[in-house]
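Peer 1: Structure provided below as C-alpha cells; questions to follow.
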Amino acid sequence: MPFSWGRTGDDGRPGTTRSVALFTVACVDYAIDTARVRHLVPPGREAGRSIVFEGGSFPVIDLRSVFRLPAGPRTGRVLLMDDGAGRTAALMVDAIGTPVCLDERSLTALPPVFRGQERVRFEALAVVDDRIVVVIAPRGLLADARPRQVAV
Amino acid sequence: MTAALEPRALMVVALGNRRVAVNGGAVAEIARISAVTPVPCDDPAILGVTLHRGRIVPLVDLRRRLGDGATGLPPFLCLFTQSGGADIGVPIDSVLEFGPPGGSQVPEGVTFVDFSTLAAGDGAAAAH
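Protein chains in written order, with our numbering: chain W, 1 to 152; chain F, 1001 to 1128.
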C-alpha cells in the first residue's frame, strides 16, 4: 500500500491530506508519514550499530550512503522510524523540520524516467512552500537498505 | 525513421560541440532554469526535478546520455517537451534553427533525439 491517506469527517471516506515530517539530507527535502516516526534522537547517539528505544532495536541507516551521496558532517539528527510492517530503522539526517500537512493535489507520481531503485524508495514528489519534496516510501526504503549501509 | 519527419518540424539546438535535432512539435517551451532538486536515483543522467509552471518536471542530461560529458550546475537554458504524455526537460546551450531547409532528412552531422523515448527512460533508443 504505497499511500495511507488520512481519513477526515464522519463518513469514512478517504481524506485528501496527510501529516508528514520533513527532513533534509544533502540540501534535499524529504517527507515521511508522521505515523511512521517513532522518536527523534540528538546527534552523537549513533555510535553503535543500533539504537534501543522503548524496548525496540533501531538499526542506524546512513541515508547519504543509501543515496550514494558524499559523507556529511555528523551534526544532524537521528529519526527513529518503522515501516508499518515490523521493520525499524534509525535514519541519520542533516536536519528535521516541523510536520506539515500534504495536500493530495500537491503530490506528483515519480515521472517514468525514474526507473531504478528510486521507485521502491520513494512514493511521490510534492511541493511544499514552492520547494520540491521527495516523499519516502518507508517499506521500500527499509527493504532496500543493505547491511553495508548500516553504520557501525 | 527520420525520413517521415517534416523538415519544418525539426528544431536544431546546440549541446556542447554537438548539434541535436528534435521534433519541434514536441517542444513545449524553452526557458531558463535556476534551480534543480536532485532526486537520488540509479541513472546518473537524470539531473533531478525542477518546478516549471507549477509542475514537477524531470531534467535529463542529454550530454551525459550522448557521452559528451556532463551539464554543469544551474542556471541553464532548458528545452521542455510533453512528448509521449510525460513532461521532460533537457538543458541546452542555445537554439540554432527551427525548420532547417534541405529536405526531409535530418541534416548531416546532426544527432536526432527522440524525446518520447527519452521521457520513457529509454536513453539508449533515444539518439539516432
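Note that beta-carbon positions come from the ideal geometry of N, C-alpha and C, so glycine has one too.
Just how far apart, CA to CA, sit W:VAL20 and F:VAL1060?
Peer 2: Computed Cα separation, rounded: 29 angstroms.
Peer 1: Check each residue of the region 97-118 of chain W: if its Cβ is closer than 7 angstroms to any Cβ of chain F, include it; give the result in chain order.
Peer 2: Against chain F - using a Cβ distance shorter than 7 angstroms - the residues of the region 97-118 of chain W are THR108, PRO111, PRO112, VAL113, PHE114, ARG115, GLY116, GLN117, GLU118.
Peer 1: Starting from F:PRO1075, find everything on chain W with Cβ-Cβ shorter than 9 angstroms and list it in chain order.
Peer 2: Simply none; closest approach about 16 angstroms.
Peer 1: Between which residues of its own chain and F:GLY1025 is the CB-CB distance below 6 angstroms, once the five residues before and five after are set aside?
Peer 2: Contacts found: ALA1009.
Peer 1: Is F:LEU1062 helix, strand or coil by DSSP?
Peer 2: Three-state DSSP puts F:LEU1062 in a helix.
Peer 1: Check whether the region 114-124 of chain W touches the region 69-81 of chain W, taking contact to mean three or more Cβ pairs, one atom from each stretch, closer than 8 angstroms.
Peer 2: Short answer: they don't touch.
Peer 1: Of all the CB atoms in chain W, is at least one closer than 8 angstroms to the CB of F:PRO1091?
Peer 2: No, no contact with chain W.
Peer 1: Let me check understanding here. Comparing Cα to Cα, which of F:ALA1035, F:PRO1038, F:PRO1058 lies closest to W:VAL113?
Peer 2: Measuring from the Cα of W:VAL113, the nearest candidate turns out to be F:PRO1058.
Peer 1: Kindly give me the distance between the Cβ atoms of W:VAL60 and W:ALA90, rounded to whole angstroms, as I take these residues to be in contact under 8 angstroms.
Peer 2: Right, the Cβ-Cβ distance comes to about 5 angstroms (below 8 angstroms), so this counts as a contact.
Peer 1: Below 8 angstroms on the Cβ atoms is my guess for F:THR1117 versus F:ARG1018; work out the distance and round it to an integer in Å.
Peer 2: Actually they do not touch by this definition, with Cβ atoms about 18 angstroms apart.
Peer 1: At the 8 angstroms Cβ level, is F:ILE1033 part of the contact set with chain W, yes or no?
Peer 2: Answer no: the Cβ-Cβ gap between F:ILE1033 and chain W never drops below 8 angstroms.
Peer 1: So which residues of chain F does W:VAL134 contact, with C-beta pairs closer than 7 angstroms?
Peer 2: The contacting residues are VAL1039.
Peer 1: Hey, quick one: how far does the alpha helix (DSSP H) through W:ARG121 stretch, first residue to last?
Peer 2: Residues 118-121.
Peer 1: Using DSSP bridges, identify the partner residues of F:SER1094.
Peer 2: Answer is F:ALA1014, bridged to F:SER1094.
Peer 1: Report yes if the C-beta distance between W:LEU102 and W:THR24 is below 8 angstroms; otherwise report no.
Peer 2: For W:LEU102 and W:THR24, no; Cβs fall outside 8 angstroms.
Peer 1: Could you check the C-alpha separation between F:CYS1041 and W:LEU110 for me, to the nearest Å?
Peer 2: So the alpha carbons of these two residues sit roughly 11 angstroms apart.
Peer 1: Quick one, which of F:SER1094, F:CYS1078, F:ARG1063 has its alpha-carbon nearest F:THR1071's?
Peer 2: Ranking F:SER1094, F:CYS1078, F:ARG1063 by Cα distance to F:THR1071 puts F:ARG1063 first.
Peer 1: Would F:PRO1091 pass as a contact of F:PHE1076 if the rule is Cβ separation under 8 angstroms?
Peer 2: Their beta carbons are under 8 angstroms apart, which means F:PRO1091 touches F:PHE1076 by this criterion.
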